[in-house]
Amino acid sequence: MVKRGDGGKVAHPVRLYILVAVLVTATIGLLAGIGPNLWTPEWSWQLAVAALLLAVAVVLSDLAGIDLPISRLRIVISVSSALWFAAGITFGPLVGSLLATASALIEEIVDRRELIKLVVNMVNCALATFLAGWVYFALADTDLSPIGSLYNFSVTLVAALVFSVTQSLLLSAVLSQAGGTSPW
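Oh and the sequence shown: position 12 is 345 in this note's numbering, straight run, nothing missing.
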């Protein structure tokens with residue numbers, strides 16, 4: 334059960350911290366252990382400019398998020414997750430994940446998120462972007478754009494499904510632990 338602690342802060346259940354620690358460890362393990370072996374872009378000044386523009390777009394889209402009027406929780410919706418996905422299929426699983434996570438971290442710090450929320454959001458961003466990018470680059474014809482052929486478009490849709498399912502499962506697991514309910 335989530336209870337108010339001293340100073341008006343929420344005292345989260347221990348199992349939430351255990352789940353988050355497992356997710357952080359798994360995400361770092363994937364990025365560090367598998368990421369360097371996957372496709373990475375050949376860097377040029379044009380790609381660096383594109384990375385910078387995408388990072389700025391993520392930060393701006395997060396800052397322009399919409400607060401949902403739910404009394405018990407603060408839930409903000411933004412289009413930044415679509416940009417995280419774009420980073421994964423543009424810059425590859427590792428670079429895209431690191432870029433998306435770093436730019437999302439800036440917004441989390443600016444918004445002064447509670448540490449547990451910041452960590453969960455970073456894991457969510459990193460894991461979903463990495464897995465979607467991995468699926469895309471494992472299956473796509475990288476000589477073509479994501480919409481360069483019907484096959485690549487289908488692969489893009491599969492990668493988007495992986496991205497969405499990863500985010501949904503991760504957030505439902507974490508929120509259920511935070512609220513003391515079932516994820517189903």
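Backbone N, C-alpha and C define an ideal beta-carbon position, used for all residues, glycine too.
Nearest to Leu432 by alpha-carbon distance, out of Glu440, Gly421, Phe496 and Glu441, is Gly421.
For the set Ala419, Glu441 and Phe463, the Cα lying nearest the Cα of Gly368 is the one of Phe463.
Under the 8 Å Cβ criterion, the region 453-463 counts as touching the region 499-508, having at least three qualifying pairs.
For Ile399, the enclosing beta strand (DSSP E) begins and ends at Ile399 to Leu401.
Three or more beta-carbon pairs separated by less than 8 Å are not found between the region 433-453 and the region 471-478, which leaves the two stretches without contact. Annotated three-state conformation of Ile439 is helix, per DSSP.
For Ile410, the pairing in a beta bridge is given by DSSP as Ile399. Three or more beta-carbon pairs separated by less than 8 Å are not found between the region 385-392 and the region 482-492, which leaves the two stretches without contact. Contact between Pro346 and Gln510 is confirmed by a C-beta separation of about 6 Å, below the 8 Å threshold.
Counting along the chain, Thr489 sits inside the alpha helix (DSSP H) bounded by residues Leu483 to Gly512. A distance below 8 Å separates the beta carbons of Leu396 and Glu440. By the criterion of a C-beta distance shorter than 8 Å, Gly481 is surrounded in its chain by Asp474, once the five residues flanking it on both sides are discounted.
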